[in-house]
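*Asks:* I have a structure here, written as structure tokens, and I will follow up with some questions on it.
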Amino acid sequence: MSNGNRRRSTRGGCWWLVAVDDCQRRRHLSDRWCRSDARLQFLLSVSGFFRFQALTLLLVLAGKGLFQNLFVNNILGIDLNEARGNGEGIMQQSPLISLFADAIKGCLLSSDEDIQINTLNLIIHIISPENCSITELRVLVEENIPDYIFEILRLSGNKDPVVIASLQCLALFAAAEELMKQKLVVGFSSLLSALHYTSQIPLHPVQPHALKLVGNCISNSPGIISISQVSELASILTCILRRSINGETPETFILACSAFVEILKSPSSHGIQKIGALIKEASSCAVLCSLSFPQGNPAELIIHSLSLLKEAHLYSLREDGNGNSDRELEESITVTCQNYLFPWLERVINEEVEEDVVQEVLQTFHFILLSGSEAQTQSLANKLISSYWLTLCFTYLGLFPTDRMRSSVYLIIASLLERVFGPNFGQPVQDALLYLPADPLDLIFLLGQKSNIDPQLALCQRATLLILYVSSISGERFAEDTQVLASLEQFILVNGNDFVCGSGDSLMLARVVHLYGLIRGSPRDEKMSYSPEAENTLLNIIVEDDLELFSFDIHPIALKWLFQQEGIMNYLSNQILKFCRLSKENESLLIVYSYGTQTMKMELISELVVSGDNYVAPLLVSLLRELQDEGGEDDLKCVTNTMEGILKNFSDASNQFCRHSFAGAICGIYYLPYCSLQLFSMCSLLVFHVLCAANHDVLSHEGEWLAITMKLLEFVNPKLASHLWGQEELLVISIFCLILHHSRYQVLEETSKAILLNGALASAVKNIVQTSIAKGPALENHDEEMETGQCLLFILLLYFFYTPANNLLFSFYATSQNCLDWQNLLQSCNNSHPPLLLSIKCHDLCRLMHFGSSLVKSLSSQCLVDIISRISDQREKNHEELRCPMRYLQSMISIMESLVFYEEKVVATNCSVCLSIILSWGSLRNCKWLRMIMEEFTMTLMASSMASKYFKNQHKPASHIATALLKLDQAPEWMRSVFDISCITGIINNLCAQNLSAEMVNLFRVLLSRKYLNEDHIGCLNKTFQKFL
């Protein structure tokens, strides 16, 4: 066919047949055809079916690689290699690039979706890196082809083929970075829509393209994203990262992390409250996913997730308009580091892991420690230091002994120490950073060297002692104790003169003392050989330097070892006194810096006192004596206050104080001419707490305790006549109660006798009781917190401890039984003679029970039980007759009977016990009230729902009365009718675990002995007891 015929056929619409013929003949003919401007212009004029067929053909040709170097090869007279060498100037001479752009614009604007897709696919082939140079790509960008694609994307309605082709095409155009910046800004909203669509489909093929384009746009133009778009995009990315845990491509995960980082850097993200929760979830999911990603390069994934974590941490610290930061987000990031990153570091230590990844993780911890808030970094630092972080760091340093890893490890250790122990605490490590070795054993070796000839060595020794000091506090061990002890001894012997001459560092000495004492005092190192010369040298240095022992954190074992050294007692005594002064003024001064619960507070000294295998307790008691001679009342108050604080923490410390003549020291203070009321009160309070907790076998030195008691009586006697007692007087009465209590163990007997035979105290007891009784019914409403109400309660307490029948006091009965007739307490009070002994009449106790408050009733009833029991024992032992008028006794019985129904079981039980004892005396006269009690008692046991509401929970007290009535030689005849066969049968049938008590068992025993039970009852009881007992 001639050229003319070919042109006519082309104008007839069959131009693509010519192209096929040209391609089939020779490729260079196709190139010649394509170089024709007229034919490209004609391509613009065809439409519809022909355009679709043409695009299909071009796609086929592109797939066969026929369009490689198309644009450059169609520049007539220009050699291809020359064109590439001359670059952009020659390329722009080609009209074919522009014609191609013009040709495809019409196709891109077509309403036919297939034409648009084929056009996009053709563009993808044409501008692929192997077919198109960056210069040619820029020409197409300048021809606004990306704008057409963004428009297609906007109008695509999220149709998958269109979205895929558009994003693939735009991803290729992104190589023209500078020119595409503005294009991406224009199409940003369309990209967000496409990203939202692709993110909803797991493993969507173009989701990475959308993420990369969005990330590039935000990175290049941070201000392009609006506040609403920030929230939308953050939600999309969080969804992708959340889904990555269950499966997502590594590329998508990396791009999602990068895009999120760009969002957080954008100024539009500042101050958006809703985004905090999304950042929290995204950063946590990213770290968790990267540490367990099933595919891809884990190192790259971890590095990108940590970048997101660090950027999220920076975001959490930004303050909003009100000056507030996102504390919840920061806390979440700290928790992520503690719960995910740190366990991962521990887990992979025996696996293959890249140094860069470990470096990145360590730097992340370092970054958070440096930039975080005080509270969160303190929490993280405490967690790390208590989780053997130093050991972990040195282990990785052993795996990667490079300068970079060494610097990272020592830097983070320095920052960690400053967060845990305070500013500049890690400075020695930073100062020696360039000289410290990678091997911890080399650190220990450096200690044994002479340091004053090498400044660098001195720096290393300071850092080494600091690291060993911290590791010992946190329980870490870098080497065997024998190695560390040998190095420390060598250090002491070689460098000890530096401290003696004053050229040494006190803080450095403190760490040496701590480490040495910890090893020497450790139970597992008891048999370890040591150098006595080094030990004596160290102790001498401590004394000469007057080391402030409580100015730094010290391990309890090291502190105990120091307080076991008898050779430095004067020094230790001075240190204890300083401790007492500080603890009085401000206990927080004792804490230099601390982590967790290990602090230099009162608890540590208290533990040493309780342990008893050191000199802390003797030194404290000794200070009480020594300070008396010096006239140091203020220091005495400090020591007393400290001992009081120790007793609050550990009450057992009172035994240790008493073993070292505590009473003698206190006695000396009481008799000081300058002893003020404040000091007297402080000492009395200390005596009270010691007596509260001390065992009776440590209360020796009777004469000293007697002297204390006499001084207390001398103090309180002038004030006993008044009923307006202050706290000091009540405290003294409390001490008397405790002395009487201890005397039951045959200790402090003479001291107790001095209290009981004190006439002023006995008169005060009588007067207070009579005054209270005179109030009558008003006594019940008498406020126990009022001064007169307090006096009555304390008097009853004193009498409660005095009464021997309660097994709380035997001393009075043992020492005074020859001069006391217990039956005298059943007689009326003789007001004409002052009492010689501490006592309260029985009828006075009954009045207090009747009129008093609940607490008064309880104490009075207990005292009455004790007296009635003692009277009964005395009558039985001496075969005495009852010398009490029956009328007097009946009035007491009436009060007791009325309180059997009292709501407090203690009062009801005491009254029932008293009644049962009095009934055993044969004092039964009017028994109507007793019968009613028994009837209510049996009704409660048979059918509690039918019993009186006052009696439902009080059957146990009444059982004492029932037992006493049954034991009488002549029991009331009505007892047989009350406890008849049907009644006993009902009681036995109603027995259960709740009402089967010791009192009930005793009742059935008496019923059996009095022949109230038949064979059936006995058989049923045997089965019941076998079931419940």
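Note that the numbering used here has the sequence shown beginning at 7, numbered continuously upward.
Virtual Cβ for every residue (Gly too), placed ideally from N, Cα, C.
This structure is a prediction, so every number in the text was calculated from the model and none was measured.
Count the other C-beta atoms from every protein chain shown that fall within 10 angstroms of the C-beta of Val476, then say buried if there are 16 or more, exposed otherwise.
*Replies:* It is buried - the Cβ of Val476 has at least 16 other Cβ atoms within 10 Å.
*Asks:* Using the C-alpha atoms, what's the distance from Gly282 back to Leu568?
*Replies:* Their Cα atoms are separated by approximately 53 Å.
*Asks:* Nearest to Ala977 by alpha carbon, out of Ile308, Leu925, Met938?
*Replies:* When each option's Cα is compared against that of Ala977, the closest is Leu925.
*Asks:* Taking only three categories from DSSP, how would you classify Phe907?
*Replies:* Looking at Phe907 - three-state DSSP - the assignment turns out to be coil, as it is neither helix nor strand.
*Asks:* At what residue ranges does the segment 306-357 contain a whole run of the alpha helix (DSSP H), taking only runs of 4 or more?
*Replies:* Those alpha helix (DSSP H) runs which fall completely within the segment 306-357 and span 4+ residues are 333-342, 348-353.
*Asks:* Looking at the secondary structure, which residues open and close the alpha helix (DSSP H) in which Ala469 lies?
*Replies:* Its alpha helix (DSSP H) spans residues 461-479.
*Asks:* Just the Cα atoms here: how many angstroms apart are Ala180 and Asn345?
*Replies:* Cα to Cα, Ala180 sits roughly 40 Å from Asn345.
*Asks:* By alpha-carbon positions, which one of Ser557, Leu159, Asp559, Val490 ends up nearest to Pro526?
*Replies:* It is Arg, not Pro, that sits at residue 526 in the sequence shown. Looking at the Cα atoms, Val490 is the closest of the given residues.
*Asks:* Note down, in chain order, each residue of its chain lying with its Cβ closer than 8 Å to the Cβ of Cys698, except the 5 sequence neighbours on either side.
*Replies:* Closer than 8 Å at Cβ, skipping near neighbours: Ser657, Ser660, Leu744.
*Asks:* Quick check on DSSP: helix, strand or coil for His561?
*Replies:* Three-state DSSP puts His561 in coil, outside helix and strand.
*Asks:* Output needed for His695: all residues of its chain with C-beta closer than 6 Å, excluding positions within five of it in sequence on either side, in chain order.
*Replies:* Here the set comprises Leu653.
*Asks:* Quick test of the definition: if touching needs 3 or more C-beta pairs under 8 Å, does the segment 487-501 touch the segment 454-471?
*Replies:* Output reads yes: the segment 454-471 touches the segment 487-501.
*Asks:* Look at the Cβ atom of Ala292, then the Cβ atom of Leu323, and state whether they are nearer than 9 Å.
*Replies:* It is not a contact, given that the beta carbons lie outside the stated cut-off.
*Asks:* Does the distance from the C-beta atom of Leu417 to that of Leu439 stay below 9 Å?
*Replies:* Yes. Within cutoff.
*Asks:* Where does Asp108 sit, in a helix, a strand or coil, going by DSSP?
*Replies:* If DSSP states are grouped into helix, strand and coil, Asp108 belongs with the helices.
*Asks:* Please give me, in chain order, every unbroken run of the alpha helix (DSSP H) with length at least 4 that falls completely inside the segment 947-1015.
*Replies:* Counting whole runs of 4 or more residues, the segment 947-1015 contains the alpha helix (DSSP H) stretches 961-973, 980-984, 987-995, 1004-1015.
*Asks:* Count the other CB atoms within 10 Å of the CB of Leu405; is the residue buried (16 or more) or exposed (fewer)?
*Replies:* When all chains shown are included, Leu405 counts as exposed.
*Asks:* Is it the case that the segment 240-252 contacts the segment 197-206, given that we only count it when at least three CB pairs across the two stretches are under 8 Å?
*Replies:* These segments touch.
*Asks:* Taking its Cβ as the centre, do 16 or more other Cβ atoms sit within 10 Å of Leu270, making it buried, or is it exposed?
*Replies:* Leu270 should be labelled buried.
*Asks:* Where Cys920 and Gly670 are concerned, what is the direct C-alpha to C-alpha distance, given to the nearest angstrom?
*Replies:* So the alpha carbons of these two residues sit roughly 43 Å apart.
*Asks:* Determine the burial state of Trp711: buried for a count of at least 16 other Cβ atoms within 10 Å of its Cβ, exposed for fewer.
*Replies:* Counting Cβ neighbours within 10 Å, Trp711 comes out buried, since at least 16 surround it.
*Asks:* Under 8 Å, with one C-beta from each stretch per pair, do the segment 377-397 and the segment 331-344 reach the 3-pair mark?
*Replies:* Contact between the segment 377-397 and the segment 331-344 is present, because at least three Cβ pairs lie under 8 Å.
*Asks:* Between which two residues does the alpha helix (DSSP H) holding Ser537 run?
*Replies:* Premise fails: Ser537 is in no alpha helix (DSSP H) and is neither H nor E.
*Asks:* Alpha carbon to alpha carbon, what distance is there between Gly1025 and Ser1015?
*Replies:* Rounded to the nearest angstrom, the two C-alpha atoms are 15 Å apart.
*Asks:* State the CB to CB distance for the pair Cys263 and Ser205, rounded to an integer number of angstroms; the pair is presumed to be in contact (CB under 8 Å).
*Replies:* That belief does not hold up - the Cβ atoms of Cys263 and Ser205 are roughly 14 Å apart, past 8 Å.
*Asks:* Leaving out five residues before and five after Met898 in sequence, what residues of the same chain have Cβ atoms less than 6 Å from its Cβ?
*Replies:* Within the same chain, Met898 has close Cβ partners Cys852.
*Asks:* Which word fits Asp635, buried or exposed, when buried means at least 16 other C-beta atoms lie within 10 angstroms of its C-beta?
*Replies:* Its Cβ having fewer than 16 others within 10 Å, Asp635 is exposed.
*Asks:* Evaluate Thr488 with the Cβ neighbour count: other Cβ atoms within 10 Å of its Cβ, from every protein chain shown; 16 or more gives buried, anything less gives exposed.
*Replies:* By the 10 Å Cβ count, Thr488 comes out exposed.
*Asks:* Return the CA-CA distance between Gln1000 and Leu737, expressed in angstroms with no decimal places.
*Replies:* Each residue's alpha carbon lies about 42 Å from the other.
*Asks:* Tell me the DSSP secondary structure of Arg33 in three-state form.
*Replies:* Here Arg33 scores only 41 on pLDDT, less than 50, and its place in the model should not be relied on; the value that follows carries that caveat. Looking at Arg33 - three-state DSSP - the assignment turns out to be helix.
*Asks:* For Ile582 and Leu625, which I take to be in contact (beta-carbon distance under 8 Å), what is that distance rounded to the nearest angstrom?
*Replies:* Between Leu625 and Ile582 the Cβ distance is about 5 Å, and since that is below 8 Å, they are a contact.
*Asks:* Taking DSSP as the reference, what is the three-state secondary structure of Thr777?
*Replies:* Correct three-state label for Thr777: helix.
*Asks:* Whose C-beta lies closer than 8 Å to the C-beta of Val775 among residues of the same chain, with five residues either side of it excluded?
*Replies:* Contacts found: Leu798, Ile801, Ile846, Asp850, Leu854.
*Asks:* Ignore the nearest five residues each way along the sequence and tell me which others in Cys890's own chain have a CB closer than 6 Å to its CB.
*Replies:* Excluding positions up to five away in sequence, the list reads Leu832.
*Asks:* Out of Thr401, Gln571, Val147, point me to the one whose CA is closest to Val519's CA.
*Replies:* Closest option to Val519, Cα to Cα, is Gln571.
*Asks:* Report the start-end ranges of each alpha helix (DSSP H) in the segment 128-171 that is 4 residues or longer and not cut off at the edges.
*Replies:* Complete alpha helix (DSSP H) runs here, min 4: 140-148, 151-160.
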